[in-house]
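S.K.: There's a structure below that I have some questions on.
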Amino acid sequence: MAERRTPSTQGGGTRPHMRRAPGAAPSANRHAATARRSPSSAARTQPRCATASSASRVQARRRAPQASARRSSRATWLFALGALALAGIALWGVISLAGAIVGGITSAVTPSAGDSAIIEDSAATTSDIVIGLNGDADTFVLAGENYLEAGAHATDPVHGILNDAIEVTGDVDASRAGDYTVTYSVADPDGGTATAERHVHVVDEMDTMQTGVPVLMYHYVYTQDAPPENLNGNYLLDTKLAEQLAYLTENDFYFPSYQEVRAYLEGTHSLPAKSIVLTFDDGEAGFLSRGIELLEEYKVPATSFIIASEADAADRVVANASPYVSFQSHSYNMHRAGGTIGHGGIVSALSREEIADDLKQAQAVVGTSEALAYPYGDVTDDARAAVDDAGILCAFTTENRWAEPGDDVRSLPRVRISGEYTIDGYKSLVTE
Ligand SMILES: [Zn+2]
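Residue numbering for the sequence shown follows the working numbering, beginning at 1008 and increasing consecutively.
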């Protein structure tokens, strides 16, 4: 990769992220959309507030909400419901614990596995839609090119994946410079609603990607107090991930959608300079817990490729839902040996029809169809054709390099991120 650009700590004037995020809506309460996670945010570091000038930029970006849940209309209803539930619980305490009312209330606060009725009640009162955008919440488009709608993703603990129920409103006139807002709204069958907003900036000029775009391939995340038994390069220490995410956000990286990536590679769309895509394979526990926590802390969107045939795959999509994570297909049942090419994945033993059926089955589980990571990175001509059949925008192998204009979008390379890399090594991999 040519190192044309000197590190622009002072910020070139036309960098898209130097522009103010307009139409600043009320500050998003991330926790309204992800009530599941306990905040513990008081001590949250603000790594991007390094200098005064970058601080104002950070403020501008922060004002653009990635996600916000509207629950005010439900608040009184939920309060009434909660009061009712509490009354019921108290009564239950009186009856079943022979006068030990205090005991009943205590177990309501921290339900044990046996108290299924109480768990149901408490789930109902905390039930929430999690909604997030695909791609960057501040989307940049060169005037005269097309605004590519990347959509959003949403789940609800009770109703599961709600992606198909998301309604998109707001117009973007990409023919001339201006700032626009696109709104994503979703309602669950019980009347709960949530919205997310995208701020689209149509600009007359911006620095753009020249030679390609890095799509990073991560695997697993672990913490120092619980290292994996067979520690290898696929495992990344959480503090290293935090360091990388801090670097990306402090330096105004842009996180394009798969629609934008595909169009860029096909030569019909410009990507802002410092574009990058983060993907994590296999939906491993350490990523789902600690990894997603960090993506949320740094507000960096990423993709989690999960194996859809795993028994709890759909549940994991819902249980680990995050405004910043799009769950995509790592195939339904092709993450196994049995083939003859590459790493020996089963794909080379399957027909185009069989592969297409598998991919569609996976899409039904994860509820998305933008991207695919081939198991083991193995790909055949039949697999490429099946990717077309399944309507997938970008499919990835494990070939280790940047994706470049002209590459086949059905078998794109990625940049492997090893847990052994230093931050300087990382920087050299992600910058043009
Ligand atoms: Zn895998």
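All C-beta atoms, glycine included, are put in the ideal place defined by N, C-alpha and C.
With H, G and I counted as helix, E and B as strand and the rest as coil, what does DSSP make of Ser1376?
M.R.: coil
S.K.: Could you check where the beta strand (DSSP E) with Ile1314 kicks off and where it finishes?
M.R.: For Ile1314, no beta strand (DSSP E) segment is defined, and its DSSP state is neither H nor E.
S.K.: Looking at Val1373 and Ala1315, is the spacing between their C-beta atoms short of 9 Å?
M.R.: yes
S.K.: If I measure Cβ to Cβ from Arg1423 and keep anything under 6 Å in the same chain, skipping five residues before and after, which residues do I get?
M.R.: Met1224, Asn1407
S.K.: Within 10 angstroms of its Cβ, does Pro1234 collect 16 or more other Cβ (buried), or is it exposed?
M.R.: exposed
S.K.: Give a single yes or no on whether His1206 has its beta carbon closer than 8 Å to a heavy atom of ligand 1.
M.R.: no
S.K.: Give every residue of the same chain whose Cβ lies closer than 7 Å to the Cβ of Leu1244, excluding the five residues on either side of it in the sequence, and list them in chain order.
M.R.: Tyr1229, Gln1231, Gly1426
S.K.: Sort Leu1278, Thr1190, Ser1311 by Cα distance to Gly1290 and report the nearest one.
M.R.: When only C-alpha atoms are compared, the closest one is Ser1311.
S.K.: Could you name the residues, in chain order, whose CB is less than 5 Å away from a heavy atom belonging to ligand 1?
M.R.: Asp1288, Asp1289
S.K.: Within its chain, find whatever has a CB closer than 7 Å to the CB of Asn1340; leave out the 5 residues flanking it on each side and keep chain order.
M.R.: So the list reads Ser1316, Asp1365, once near-sequence residues are dropped.
S.K.: Tell me the DSSP secondary structure of Ser1418 in three-state form.
M.R.: It is coil, neither helix nor strand.
S.K.: Hey, how far is the Cα of Tyr1242 from the Cα of Ile1430?
M.R.: 15 Å
S.K.: When you compare only the Cα positions, how much space is there between Thr1375 and Val1394?
M.R.: 13 Å
S.K.: Which value, in whole angstroms, describes the spacing of the CA atoms of Tyr1331 and Asp1259?
M.R.: 16 Å
S.K.: May I ask which residues mark the beginning and end of the beta strand (DSSP E) holding Ala1402?
M.R.: 1401-1407
S.K.: Work out the CA separation of Glu1377 and Ser1336 for me, nearest whole Å.
M.R.: The alpha-carbon of Ser1336 is positioned some 9 Å away from that of Glu1377.
S.K.: Can you tell me whether Ala1326 is helix, strand or coil according to DSSP?
M.R.: helix
S.K.: Go to Val1193, then tell me how far its beta strand (DSSP E) extends in each direction, as first and last residue.
M.R.: 1185-1194
S.K.: Is there a Cβ from chain B that is less than 9 Å from the Cβ of Gly1293?
M.R.: The structure shown contains no chain B; it is built from a single protein chain.
S.K.: Are there 16 or more other CB atoms within 10 angstroms of the CB of Arg1183, so buried, or fewer, so exposed?
M.R.: exposed
S.K.: Would you report the Cα separation of Gly1177 and Gly1346, rounded to the nearest angstrom?
M.R.: 47 Å
S.K.: Can you grab the Cα-Cα spacing for the pair Val1386 / Gly1198, in whole Å?
M.R.: Distance from the CA atom of Val1386 to the CA atom of Gly1198, rounded to whole angstroms, is 44 Å.
S.K.: With DSSP collapsed to three states, give me the class of Glu1309.
M.R.: Glu is not the amino acid found at residue 1309; the sequence shown has Ala there. In the structure shown, Ala1309 sits in a strand (DSSP, three-state: E or B).
S.K.: Look at the alpha carbon of Lys1434 and the alpha carbon of Leu1285, and state the distance between them as a whole number of angstroms.
M.R.: Looking at the two C-alpha atoms, the distance is approximately 14 Å.
S.K.: DSSP three-state label for Gln1370, please.
M.R.: helix
S.K.: Can you tell which of Val1325, Ala1249, Asp1388 has the C-alpha that lies nearest to the C-alpha of His1166?
M.R.: Val1325
S.K.: Starting from the Cα of Ile1299, find the closest Cα among Leu1252, Pro1279, Asp1415, Arg1205 and give me that residue.
M.R.: Leu1252
S.K.: What did DSSP end up calling Glu1204 once you bin it into helix, strand or coil?
M.R.: strand
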